[in-house]
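Scroll down for the structure; my scribbles are underneath it.
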Amino acid sequence: MTTRLLPLIALLALSTSVTAQPPELEPVPEPPALPSSVESGETLEPEITIRTRGDETVKEYRVNGHLYMVKITPMKGVTYYLVDTDGDGRLDRRSEGLENDMVIPGWVLMRW
């Protein structure tokens, strides 16, 4: 009895889904036209201010008046950078070459 009833229930469910009318759909509006390419005389290169203090040269890099990097080149020694990495106005030190906070992978390949 249940084997005859199961196809009947499936047929009834299918017929109700076919006869259901979809709601009134509105047409999708056309997308807006793409803007023409913007051409301005403004360059995106940073403003660089070079200063000499004693035996070192300091280069300040600014974009729109915001200081984001300072490069310090001493007469003797390694050049280092002060960089605003997260935009909070505080400059973090970056050196050329290997840094102390650099993590070097050290996997064990073989052991005997």
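Using my numbering, you'd call the opening residue of the sequence shown number 167 and step up by one each time. For every residue, glycine included, the Cβ atom is placed at its ideal position computed from N, Cα and C.
Check: For PRO193 and GLU211, the rounded distance between their alpha carbons; Outcome: 46 Å
Check: Three-state secondary structure assigned by DSSP to LEU191; Outcome: coil
Check: Exposed unless 16 or more other CB atoms sit within 10 angstroms - verdict on VAL229; Outcome: exposed
Check: Assigned exposure category for VAL244 - 16 Cβ within 10 Å defines buried; Outcome: exposed
Check: Distance between ASP254 and LYS237 (C-alpha atoms, nearest Å); Outcome: 18 Å
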